[in-house]
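**Student:** Sending over a structure as structure tokens; questions will come in a sec.
2 protein chains.
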Amino acid sequence: MSGRALLDGSVVAMCNALGEETRWSILTALGEGDASASALARRLPVTRQAIAKHLAVLHEVGLVETVQAGREVQYRVIGARLSATARRLDAIGTEWDRRLAAIKHIAENI
Amino acid sequence: MSGRALLDGSVVAMCNALGEETRWSILTALGEGDASASALARRLPVTRQAIAKHLAVLHEVGLVETVQAGREVQYRVIGARLSATARRLDAIGTEWDRRLAAIKHIAENI
DNA sequence: CTTGACTGCAACCACAGGGTTGCATGTTCT
DNA sequence: AGAACATGCAACCCTGTGGTTGCAGTCAAG
């Protein structure tokens, strides 16, 4: 299902979302408290529509969630989501080094 | 200095490098052992030149290092580098959740 | 009811960048 | 020396996408 895909999102999609300056500006801004697209547009040097697009991307990978607050839509950052993928990356990196060390070890014992 | 910048590389540059499918193909291939650009081009469905560009990007953020092996240039993935940024991401995510929880706590006690 | 503010959709522009082909230049091996 | 393979550089194409402007719809407040 797509619901699972949303939460499980591939690491590359997540990294792609994180590989953009403006998106980090938005995320760090949200890190100080929930905010709507318009509110973010006021404190960042980009248009509201641009922000909306970025929020859509971030929402797609599950880095933010929406909270209806009256007539406006507030966005909340989900730190746990970032931490989760971070742990996956850490595991991957560790695995690489472990495997290459093993190869090196084998090569030395010939 | 730029030397420090290379090793310290911004998180966004790192994520940008990791936000690309082909680059992950290269990295996972390198995870199974060092390889040259030509060797990678043989087992991946892209040109050697494309691979070379990707390797340049990965090298710039410090995810791979070069090892001169005879006439060819072998590339080695640096898992520790990935793990390091992963831990930084983890810390950021944790900090977000911590701060937002604090805000929520304050709001409730009014 | 009207005004102001927030949202959403669509068209559009401009640049970055992933991918290719082509060529020139080494470097190992026979 | 010559063949075969590896690298490096440059020009080029084309899609993706960050950003903009413009407009229409909605909802709260005066």
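Protein chains in written order, with our numbering: chain A, 660 to 769; chain B, 660 to 769.
Virtual Cβ for every residue (Gly too), placed ideally from N, Cα, C.
Taking DSSP as the reference, what is the three-state secondary structure of Thr687(B)?
**Tutor:** Of the three classes helix, strand and coil, the one that applies to Thr687(B) here is helix, per DSSP.
**Student:** Within its chain, find whatever has a CB closer than 8 Å to the CB of Ala676(A); leave out the 5 residues flanking it on each side and keep chain order.
**Tutor:** Same-chain partners within the cutoff: Arg682, Val716, Leu717, Glu719, Val720 and Leu722.
**Student:** Quick check on Ile762(B) - is its C-beta less than 8 Å from some C-beta in chain A?
**Tutor:** For Ile762(B), the answer is yes, since a Cβ of chain A falls inside 8 Å of its Cβ.
**Student:** Can you name the residues that DSSP bridges to Gln727(B)?
**Tutor:** Gln727(B) is bridged to Val732(B).
**Student:** Could you run through the stretch 731–743 of chain B and flag, in chain order, every residue whose CB is less than 9 Å away from some CB of chain A?
**Tutor:** Listed in sequence order: Arg735, Val736, Ile737, Gly738, Ala739, Arg740, Leu741, Ser742 and Ala743.
**Student:** Please determine if the stretch 697–706 of chain B and the stretch 739–759 of chain B are in contact, where contact requires at least 3 C-beta pairs separated by less than 8 Å.
**Tutor:** Cβ pair count under 8 Å is below three, so no.
**Student:** If you measure between the beta carbons of Ala672(A) and Ala696(A), is that distance less than 8 Å?
**Tutor:** Contact: no.
**Student:** Below 7 Å CB to CB, which residues in the same chain sit around Arg747(A) once its five sequence neighbours on both sides are set aside?
**Tutor:** Around Arg747(A): Val670.
**Student:** Report, in whole angstroms, the separation of the C-beta atoms of Gly678(B) and Gly752(A), which I expect to be a contact under 8 Å.
**Tutor:** About 16 Å separates the two Cβ atoms, so there is no contact after all.
**Student:** Please tell me whether Arg702(B) has its Cβ less than 8 Å away from any Cβ of chain A.
**Tutor:** Output row for Arg702(B): interface = no.
**Student:** Could you check if Ala760(B) is buried or exposed, using at least 16 other CB atoms within 10 Å of its CB as the buried criterion?
**Tutor:** Answer is exposed; the Cβ neighbour count stays below 16.
**Student:** Starting from Thr753(A), follow the alpha helix (DSSP H) in both directions and report where the run begins and ends.
**Tutor:** Unbroken alpha helix (DSSP H) run through Thr753(A): Gly738 to Glu767.
**Student:** Pick out whichever of Cys674(A), Ile765(A) and Gly692(A) has its Cα sitting closest to the Cα of Ala766(B).
**Tutor:** Of the candidates Cys674(A), Ile765(A) and Gly692(A), the one whose C-alpha sits nearest the C-alpha of Ala766(B) is Gly692(A).
**Student:** What residue from Ala694(B), Ile762(B), Arg701(B) and Thr744(B) has the CA that sits closest to Gln727(B)'s CA?
**Tutor:** With distances taken between Cα atoms, Gln727(B) lies closest to Ala694(B).
**Student:** Apply the 10 Å Cβ neighbour rule to Ile762(B) and answer buried if 16 or more other Cβ atoms are within range, or exposed otherwise.
**Tutor:** Exposed.
**Student:** Assuming the contact rule is C-beta atoms closer than 8 Å, Ala745(B) and Asp749(A) should be a hit. Round their C-beta distance to whole Å, please.
**Tutor:** Confirmed, about 4 Å.
**Student:** At the level of alpha carbons, what is the spacing between Arg702(A) and Val732(B)?
**Tutor:** Their backbone Cα atoms lie some 47 Å apart in a straight line.
**Student:** For chain A, is any of its Cβ atoms less than 8 Å away from the one on Asn675(B)?
**Tutor:** Yes, its Cβ sits closer than 8 Å to a Cβ of chain A.
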